[in-house]
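Taking it in order: structure first as structure tokens, then the write-up.
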Amino acid sequence: MDDKLSRAIEKRRDDLIALTRDLIRFPTINPPGEAYTPCAEFLAKRLQSIGFETQLIRGEGAPGDTDRYPRTNVVGRFDGRTHGEVVHFNSHIDVVETGEGWTVDPFEGIVKDGKVYGRGACDMKGGLAASIIAAEAFIDVYPDFAGAIEISGTVDEESGGFGGVAYLASKGFFSKPRVDHVIIPEPLNKDRICLGHRGVWWAEIETKGEIAHGSMPFLGDCAVRHMGAVLEAFENELFPVLDSKQTSMPVVPDGARRSTMNLNSIHGGQTDDYSGLPSPNVPDSCRLTIDRRFLLEEDISEVKREVVSILDRLQWERPKFQYSIRDIMEVQPLMTERDTPVVIAVAEGIRSVFGREPQYVISPGTYDQKHIARIGLLHDCIAYGPGILDLAHRPDEYVGIEDMIESAKVMALGLKVLLSGSV
Ligand SMILES: [Zn+2]
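For the sequence shown, the positions run 1 to 423 when UniProt numbering is used.
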């Protein structure tokens, strides 16, 4: 380990804790997108105080963007003495709702037993704070470095990232020559490098029926019964097939190392504003949302065909069976190669701080890397940050202070490797 860098980070321990707490105190809940602007402004000021030039960029027109809830992002940049590579740390500032079961105030930033508690502590304000401290320490120790460091705080990751990274990527913020390497400090555990994620296909299936009086269902056609047949076919035919599809991608946890499909929601009959009274009708529509996660080894057209072929067959088998299917979202699976510079640099940091090889993993769910690859066409990108993945979105979420310190060291060492031009 580089002693000077290590000391520069240790020296900032209190700053790191204070910064994490300050960030947690902005209740940036998404949806709807609370407190984005004050949080982004706070970050801009903090980055300016260490010499970054900053811009606030609103994801104008993105889903959810209104004057009441502007999608405010911040991008900061620190140019080194001379021209060189550019390393970008991207963190999302939004958090999910708190939910039930907290024993501490989720927006106080309570410090207890070496941990900082709060909604977003681990996902991912702790990672954001660690990246700022890492950059600060690096600039302090190596003021003459070549290249540039960028740090962004972006919105809406939890709801797809459209007003955040996707918007910035469409404006060129995540493409060469502006940026060469991206590290996303998501909570993937301090000694793991996350290379990417499985693919996603979200779709809505609707079965159709015919409305009639509930007392004479034989006069109509029940869309919910048709959907029941769909579910039965999924249960008997599709789920066993998905279970058997293993991947060579190192997805964590183990259970996600195969194809999966969640049935996100199902709704038939009476509309969503159901007031408590039962519907008197035979339902003429039933809608099911599916969330299919697929593998590098699978092709999206094949993934869709598996579902559609079941629906088509039911059309032959069941009298009056009618359906429609609508795509909601598609994301290709991603896996950054292990010999890309950012992977090599962060792996070197992990070896040096922990004295062991990093674990290379793939996230079960997607995150903003998808936009950087798809829109920014930048593939030198990983997720690396402190915090335990399993704590994300849970009550009493926390981030370990020592974990933040150690991963800040890894990030600072990563900067050193990337900006010294040795990879
Ligand atoms: Zn996150």
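We put the beta carbon where it would ideally sit given N, CA and C, even for glycine.
As the structure is a computational prediction, the values presented were derived from the model and not from experiment.
Any heavy atom of ligand 1 closer than 7 Å to the Cβ of residue i?
| i | result |
| --- | --- |
| M404 | no |
| A18 | no |
| A130 | no |
| A392 | yes |
| D123 | yes |
| Y398 | no |
| E206 | no |
| H92 | yes |
| E337 | no |
| Y36 | no |
| Y367 | yes |
| E186 | yes |
| E97 | no |
| E306 | no |
| E348 | no |
| E157 | yes |
By a C-beta neighbour count over all protein chains shown, 10 Å radius and 16 as the cutoff for buried, is residue i buried or exposed?
| i | result |
| --- | --- |
| V241 | exposed |
| W201 | buried |
| R46 | buried |
| S131 | buried |
| F239 | exposed |
| R7 | exposed |
| Q246 | exposed |
| N30 | buried |
| P253 | exposed |
| R293 | buried |
| R356 | exposed |
| Q48 | exposed |
| R12 | buried |
| F26 | buried |
| I328 | exposed |
| P177 | exposed |
| G51 | exposed |
| P70 | buried |
| K216 | Note that residue 216 is Met in the sequence shown, not Lys. With fewer than 16 other Cβ atoms within 10 Å, it is exposed. |
| P280 | exposed |
| residue 429 | With the chain covering only 1 through 423, there is no way to say anything about residue 429. |
| E235 | exposed |
| K409 | buried |
Please state the DSSP three-state secondary structure of residue i.
| i | result |
| --- | --- |
| F234 | helix |
| V399 | strand |
| H226 | helix |
| K11 | coil |
| F89 | strand |
| Y384 | coil |
| A203 | strand |
| K409 | helix |
| F145 | coil |
| Y367 | coil |
| S301 | helix |
| S244 | helix |
| S324 | strand |
| Q270 | coil |
| L5 | helix |
| D156 | coil |
| D339 | coil |
| R71 | coil |
| D22 | helix |
| M249 | coil |
| I151 | strand |
Tell me, to the nearest whole angstrom, how far the beta carbon of residue i is from that of residue j; I am working on the premise that it is less than 8 Å.
| i | j | result |
| --- | --- | --- |
| V87 | L415 | 6 Å |
| L19 | A129 | 4 Å |
| S363 | H197 | 4 Å |
| V303 | G268 | V303 to G268, Cβ: 25 Å. No contact. |
| A44 | T28 | Going by Cβ atoms, the distance from A44 to T28 rounds to 15 Å, so no, they are not a contact pair. |
| L419 | G164 | The pair is not a contact, with the Cβ atoms about 26 Å apart (cut-off 8 Å). |
| A146 | G199 | About 37 Å; that fails the 8 Å criterion. |
| D390 | W102 | Their Cβ separation, rounded to whole angstroms, is 17 Å, which puts D390 and W102 out of contact at 8 Å. |
| Q311 | I205 | One point to set straight first is that residue 311 is Leu, not Gln, in the sequence displayed. With a Cβ gap of about 7 Å, L311 and I205 count as contacting. |
| D368 | G161 | 5 Å |
Pairing CB atoms from the region 317-329 with CB atoms from the region 257-270, are three or more of them under 8 Å?
-> No contact exists between the region 317-329 and the region 257-270.
Are the region 69-77 and the region 101-117 touching, with three or more C-beta to C-beta distances below 8 Å?
-> The region 69-77, when compared against the region 101-117, does not touch it at the 8 Å Cβ threshold.
Is the region 181-193 touching the region 51-71 in the sense that three or more CB pairs, one from each, lie closer than 8 Å?
-> No, the region 51-71 does not touch the region 181-193.
Any contact of the region 82-100 with the region 119-129, i.e. 3+ C-beta pairs under 8 Å?
-> Result yes; three or more Cβ-Cβ pairs closer than 8 Å.
Flag this pair as touching only if the region 263-272 and the region 283-300 have three or more C-beta atom pairs under 8 Å; answer yes or no.
-> The region 263-272, when compared against the region 283-300, does touch it at the 8 Å Cβ threshold.
At least 3 beta-carbon pairs within less than 8 Å: the region 340-355 vs the region 134-145 = Output reads no: the region 134-145 does not touch the region 340-355.
Do the region 144-158 and the region 32-47 meet, that is, are 3 or more Cβ pairs less than 8 Å apart?
-> Touching, per the Cβ criterion.
Do the region 374-387 and the region 397-411 touch if we need at least three Cβ pairs shorter than 8 Å?
-> Put simply, the region 374-387 touches the region 397-411. At least three CB pairs are less than 8 Å apart.
Given 8 Å as the limit, is there contact between the region 166-179 and the region 325-340, that is, 3 or more CB pairs closer than that?
-> When Cβ pairs closer than 8 Å are counted between the two stretches, the region 166-179 is seen not to touch the region 325-340, the count staying below three.
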